[in-house]
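Chains as they are written, first to last, in our numbering: chain F, 225 to 622; chain H, 4 to 780.
Listed below in structure tokens is the structure:
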């Protein structure tokens with residue numbers, strides 16, 4: 225593709241050709257020939273210099289001690305490998321590797337390589353930050369060259385179907401204390417509600433409490449092992465929030481719901497409990513934190529749902545954590561009804577995400593019905609989760 | 004909201020490009036632009052611009068670049084206003100520039116552009132400004148090339164091309180590396196090798212393109228203009244046939260030279276001299292009014308010529324022998340779209356010994372302070388004939404202030420000296436506008452028209468009355484003036500030989516009768532004299548013209564280089580209805596496009612011919628002399644020139660100092676910290692900020708960091724001086740260390756913090772100085 229500078233030079237060359245013809249001044253003719261030579265060289269060289277370059281982008285594995293990820297807001301380090309498969313070297317090429325996130329450095333995800341020999345590979349690393357959960361399919365990269373004089377530019381697409389799964393952000397969650405309707409029944413932290421009967425052992429995973437290490441099996445296998453326990457039927461925590469297409473419309477509210485669910489679910493799974501996710505089309509019971517976060521990362525709006533229908537699918541006697549908007553009167557009603565039926569209910573009420581105001585006091589209503597309700601304004605997830613553990617039974621985790 | 008008009012959009016786009024706030028921070032790019040400016044200014048000097056003009060302009064340009072670079076962060080309306088006022092002031096020169104350009108003095112426009120470029124460089128801030136400066140350099144170089152007559156200008160052309168391509172290449176690299184991770188070549192040698200290969204490839208392609216590029220696009224190959232040579236004998240018209248629509252004398256001649264000779268011999272042997280037989284249309288029409296009617300009735304033969312003529316000394320040459328047009332040196336160079344003989348003086352009366360100059364040639368029409376416009380006496384008919392302009396560059400003083408022109412000149416714009424007389428010394432250039440005459444046979448045939456021509460163009464001296472019989476024999480049965488003249492030319496061309504040893508020596512003439520009778524080799528003066536006298540004897544008005552053959556075409560400068568050996572004389576015969584038509588009877592090879600003669604079309608082969616290579620070699624060899632001439636001219640300046648030299652010195656000294664300071668500042672940066680091996684942008688800036696801090700420390704009295712000193716050691720050295728400001732230095736040191744050595748991903752926010760720390764460090768040191776300088780109460 226010709227660039228403005230190239231257009232200007234070609235116009236100049238044509239004008240000079242006419243001038244040289246009319247004045248018959250050989251200097252002009254000679255210089256005009258040089259201009260045309262420059263134009264031709266500039267038109268050909270980018271085609272030759274971009275060569276047969278292909279690109280592979282790969283997120284580098286994270287350290288285990290950092291935890292699962294990457295999560296929203298985490299830096300993701302990519303390795304970008306450029307391979308010249310052609311018989312000519314690639315010269316002075318600009319590779320836009322396009323990781324689609326927010327670049328962490330001032331560099332705009334570009335590599336300027338002066339020389340990539342034939343059949344040679346170069347690799348670089350670059351870090352980006354993704355602010356949104358989900359499966360990020362990286363757009364194709366581009367290799368460009370406008371060498372030597374910037375009159376023409378050849379740009380070629382570098383197809384590389386790379387993708388990176390960004391998990392929802394997990395906030396620290398205090399030991400949970402969920403108060404029952406009359407206060408006499410506690411939704412016990414799942415780690416404390418496991419049966420005393422050990423069902424076996426498995427490899428130790430980061431996050432497992434050291435108190436459950438199976439020392440004997442660890443000594444036998446020379447690998448750290450942790451105990452597995454039989455679960456009680458009511459140890460599953462049902463986490464429900466509305467993610468239907470028709471309501472609520474606020475994406476911000478949905479993302480807050482996902483983050484709250486991920487934070488609480490991750491905490492419970494790591495404590496040995498299990499979680500039943502109820503959102504949109506998602507009906508997933510798991511005790512694996514990675515699976516939980518993967519499911520939440522990929523959650524999209526779909527179908528029509530309401531809190532009432534979602535909670536209808538939970539196992540009987542299971543505890544409930546619901547994330548609900550303050551204007552979702554129907555959802556609030558459902559939760560109040562559940563709480564009044566002495567079901568342990570914890571409600572995270574999303575407040576202030578839309579311009580409409582609730583007609584009453586949903587949080588107060590919930591609390592009066594016996595549910596443990598906390599408010600979560602936009603950006604207030606950490607505080608809301610912290611207040612989950614500030615109830616009268618806080619710190620009951622064994 | 005109303006969308007802006009196209010004009011507003013363009014204006015904004017131009018303003019954004021030229022006056023963008025983003026300063027072009029790349030110093031090497033600026034240096035290339037500055038070098039380009041110097042190079043074009045130098046090329047101006049090479050083509051004869053006074054020293055103080057080009058050197059002063061270049062120095063002012065350097066000063067502007069240094070100023071705008073040194074104070075690039077200083078953005079004020081006052082500065083832009085001062086520069087704007089200076090530029091507007093310079094615009095006052097535009098009318099003078101336009102007037103000079105209309106007179107053919109394009110260098111005046113180049114001076115203006117140089118001044119404009121230098122003034123604008125004081126406010127040079129953006130890439131668009133650099134591009135504009137490069138464009139101005141290109142314009143100046145174009146104007147210089149119009150005055151470049153010497154092949155050694157090729158050196159300047161190559162230098163200009165190299166610098167221009169370097170600018171493009173460098174700006175491409177700057178754009179590519181900006182905000183990007185950069186992987187350079189492993190070695191500088193590879194880098195240099197690549198670019199050398201690119202330049203060689205580009206120039207090779209250019210050479211190939213030069214071979215195939217159309218050479219006459221927009222020129223005169225369409226036949227509208229091109230050739231207006233004297234009519235010649237048929238035997239030398241061959242090369243003309245190559246040129247479309249060129250007049251070919253042979254095709255117009257009814258008789259060949261051999262026919263004419265046979266007729267002449269037959270008439271002498273069998274019939275003897277007879278009375279003239281008028282042709283169809285009546286030769287009386289050819290009789291100039293006011294001429295001597297008895298001249299055609301005189302009875303005389305060549306053999307019975309005036310005996311005194313044989314013993315008389317040869318006729319005095321029409322041009323004094325003492326002129327400077329001697330040897331084979333270059334006399335002048337002519338840029339002309341039309342190939343003609345360069346016509347000089349006209350001679351009308353011949354007393355048997357000497358030709359006398361026809362003085363009524365030019366009439367002064369208007370005069371300015373340094374140039375005057377002259378109108379040709381007896382303005383020729385223009386009709387539908389095209390006009391063309393020629394520029395004459397004199398390399399030697401013209402003898403007797405002769406104004407060389409093409410045929411049928413209309414007006415000349417000539418430089419004048421202080422006394423009001425034409426200044427036609429070495430280096431003078433003047434323009435002539437002429438009418439392109441059509442010498443085609445059909446156009447010249449107008450036998451029924453009778454013109455009034457002064458009788459002096461038909462007079463024969465009494466001693467040469469014997470020529471009439473010969474003229475009658477030659478022109479017997481001829482139809483009209485044109486055919487008579489052609490028969491005479493053919494006769495002379497066929498029966499007489501050119502004295503090649505007298506090339507260009509128009510002074511070497513013999514008696515016309517002796518020349519005609521003895522058939523000895525003659526000069527062009529002999530041939531021309533014989534032609535004129537025979538034509539007059541045949542009753543056709545004629546006159547003699549001296550001047551130059553076209554010379555050799557120099558394809559680079561687009562000029563015909565005329566040398567002393569090209570001196571020539573020929574005849575002009577008055578054809579009724581058409582006016583004066585040149586005829587050249589001299590069988591001179593150069594005059595007939597023979598070997599070594601001029602070629603109308605500047606062919607590629609000319610550039611690669613050995614002759615041209617020799618010319619280039621000679622030119623380059625004489626370059627020191629040319630330079631010496633330039634300096635000598637500068638040394639011989641008048642008071643105004645002395646002021647100019649002083650001005651140059653005043654401007655040059657600060658410019659040199661500024662350049663030296665810029666370069667030394669770059670050199671003083673000391674050992675560079677290796678940061679390029681680490682990933683992440685912002686590292687270079689963090690290290691640079693620490694270098695700036697070191698500079699601040701040096702001003703504060705802290706010694707420079709030695710190469711062996713670590714950042715920490717140097718910081719400890721500064722601690723005693725800085726006091727509380729040490730923490731800012733420590734912050735910058737940490738940022739620089741991390742940028743230089745820490746392989747962990749670099750946090751770009753550190754750069755901003757380091758920048759703030761540098762500002763605080765500066766302010767703290769200034770405040771400390773102020774406290775120290777305040778008198779204690």
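Don't be surprised by glycine CBs; every beta carbon is placed ideally from N, CA and C.
**Item:** Which listed residue (407/H, 386/H, 745/H) has its alpha carbon closest to that of residue 3/H
**Value:** What is shown of chain H runs 4 to 780, which leaves residue 3/H out entirely.
**Message:** Can you confirm whether residue 232/H, when its beta carbon is compared against all beta carbons of chain F, has any partner nearer than 8 angstroms?
**Reply:** Output row for residue 232/H: interface = no.
**Item:** Residue environment, residue 322/F, which counts as buried when at least 16 other CB atoms sit within 10 Å
**Value:** With 16 or more other Cβ atoms within 10 Å, it is buried.
**Message:** Ignoring anything shorter than 3 residues, give me the beta strand (DSSP E) runs that lie fully in the segment 251-313 of chain F, in order along the chain.
**Reply:** DSSP runs (the beta strand (DSSP E)) wholly in the segment 251-313 of chain F: 277-283, 299-308.
**Coil, strand or helix - residue 782/H by DSSP** = Because chain H in this structure spans residues 4 to 780, residue 782/H falls outside the shown range and cannot be described.
**Prompt:** CB residue 233/F to CB residue 256/F, shorter than 8 angstroms?
**Reply:** No.
**Contact between the segment 535-548 of chain F and the segment 557-568 of chain F (3+ Cβ pairs under 8 angstroms)** = A contact between stretches requires three or more CB pairs, one per stretch, nearer than 8 angstroms, and the segment 535-548 of chain F meets this requirement with the segment 557-568 of chain F.
**Asked** Can you give the Cα-Cα distance for residue 379/H and residue 366/H, rounded to whole angstroms?
**Response** Those two C-alpha atoms are separated by around 6 angstroms.
**6 angstroms Cβ shell around residue 294/F - same chain, five flanking residues per side excluded** = Around residue 294/F, the same chain offers 300, 390 as residues with beta carbons nearer than 6 angstroms, after the five sequence neighbours per side are excluded.
**Asked** Apart from the five residues just before and just after residue 369/H, which ones in its own chain have a Cβ nearer than 6 angstroms to its Cβ?
**Response** Here the set comprises 376.
**Asked** Does DSSP put residue 679/H in a helix, a strand or coil?
**Response** Because the pLDDT of residue 679/H is 46, which lies under 50, any placement of that residue in the model is unreliable, and the question is left without a value.
**Prompt:** Should the segment 196-206 of chain H be regarded as contacting the segment 352-369 of chain F, the criterion being three or more beta carbon pairs within less than 8 angstroms?
**Reply:** Too few Cβ pairs lie closer than 8 angstroms, so no.
**Message:** Once the 5 residues before and after residue 434/F are set aside, which same chain residues still bring their CB inside 8 angstroms of it?
**Reply:** If we look at residue 434/F and ignore the five residues flanking it on each side, it has no Cβ neighbours.
**Request:** Would you give the residue range spanned by the beta strand (DSSP E) that residue 335/H belongs to?
**Result:** Start and end: 333-338.
**Request:** Say whether the segment 504-523 of chain F touches the segment 482-490 of chain F, bearing in mind that this needs 3 or more beta-carbon pairs closer than 8 angstroms, one atom from each stretch.
**Result:** The answer is yes - the segment 482-490 of chain F touches the segment 504-523 of chain F, with three or more Cβ pairs under 8 angstroms.
**Request:** Sort 496/F, 594/F, 442/F by Cα distance to residue 513/F and report the nearest one.
**Result:** Minimum Cα distance to residue 513/F is reached at 496/F.
**Request:** Could you tell me the distance, in whole angstroms, from the CA atom of residue 78/H to the CA atom of residue 72/H?
**Result:** Distance from the CA of residue 78/H to the CA of residue 72/H, rounded to the nearest whole angstrom, comes to 12 angstroms.
**Message:** What does the Cβ neighbour count give for residue 387/F, buried or exposed, with the cut at 16 atoms within 10 Å?
**Reply:** It is exposed - the Cβ of residue 387/F has fewer than 16 other Cβ atoms within 10 Å.
**Prompt:** residue 371/F versus chain H: which residues are under 7 angstroms apart at the beta carbon?
**Reply:** By Cβ distance, chain H contributes 175.
**Item:** residue 489/F: contacting residues in chain H (beta-carbon distance under 8 angstroms)
**Value:** Neighbours of residue 489/F across chain H, judged by C-beta separation under 8 angstroms, do not exist; the nearest C-beta is about 31 angstroms away.
**Asked** Where residue 356/H and residue 552/H are concerned, what is the direct C-alpha to C-alpha distance, given to the nearest angstrom?
**Response** In a straight line, the C-alpha of residue 356/H is about 25 angstroms away from that of residue 552/H.
**Asked** Do you know how far the Cα of residue 150/H is from the Cα of residue 105/H?
**Response** The straight-line gap from Cα to Cα measures roughly 15 angstroms.
**Asked** How many whole angstroms separate the CB atoms of residue 697/H and residue 707/H, which I take to be in contact at a CB cut-off of 8 angstroms?
**Response** The pair is a contact, with the Cβ atoms about 7 angstroms apart (cut-off 8 angstroms).
**Request:** Answer with buried or exposed for residue 445/F, where buried requires no fewer than 16 other C-beta atoms within 10 angstroms of its C-beta.
**Result:** Exposed, by the Cβ-count rule.
**Message:** Short of 9 angstroms Cβ to Cβ, which residues in the segment 199-211 of chain H face chain F?
**Reply:** Within the segment 199-211 of chain H, the residues whose Cβ lies closer than 9 angstroms to some Cβ of chain F are 201, 202, 204, 205, 206, 207, 208, 209, 210, 211, listed in chain order.
**Message:** Taking only three categories from DSSP, how would you classify residue 596/F?
**Reply:** Three-state result, residue 596/F: strand.
**Request:** For residue 249/F, go through chain C and note every residue whose CB falls closer than 7 angstroms to its CB, in chain order.
**Result:** In the displayed structure, chain C is absent; the protein chains listed are F and H.
**Prompt:** Taking the alpha-carbon positions, what's the residue 518/H to residue 588/H distance?
**Reply:** So the two alpha carbons sit approximately 14 angstroms from each other.
**Asked** Are the beta-carbon atoms of residue 551/F and residue 500/F separated by less than 8 angstroms?
**Response** No, these two residues do not count as a Cβ contact at 8 angstroms.
**Message:** Under 8 angstroms, with one C-beta from each stretch per pair, do the segment 243-260 of chain F and the segment 344-361 of chain F reach the 3-pair mark?
**Reply:** No, the segment 243-260 of chain F does not touch the segment 344-361 of chain F.
**Message:** Using the Cβ count rule (16 or more neighbours within 10 Å means buried), how would you classify residue 477/H?
**Reply:** Here residue 477/H is buried, its C-beta having at least 16 other C-beta atoms within 10 Å.
**Request:** Kindly provide the ranges of any beta strand (DSSP E) runs that are 3 or more residues long and lie completely inside the segment 311-386 of chain F, ordered along the chain.
**Result:** Entirely contained in the segment 311-386 of chain F, the beta strand (DSSP E) runs reaching 3 residues are, in chain order, 314-320, 334-340, 345-353, 358-361, 365-369, 378-382.
**Prompt:** Does the beta carbon of residue 659/H come closer than 8 angstroms to any beta carbon on chain F?
**Reply:** Judged by the 8 angstroms Cβ criterion, residue 659/H is not in contact with chain F.
**Message:** On the DSSP bridge list, what partners appear for residue 571/H?
**Reply:** Bridge partners of residue 571/H according to DSSP: 550/H.
**Asked** Just the Cα atoms here: how many angstroms apart are residue 758/H and residue 430/F?
**Response** Whole-angstrom Cα-Cα distance: 41 angstroms.
**Message:** Quick check: residue 563/H and residue 554/H, are their CB atoms within less than 8 angstroms of each other?
**Reply:** Yes; because the gap between Cβ atoms is below 8 angstroms, this pair is in contact.
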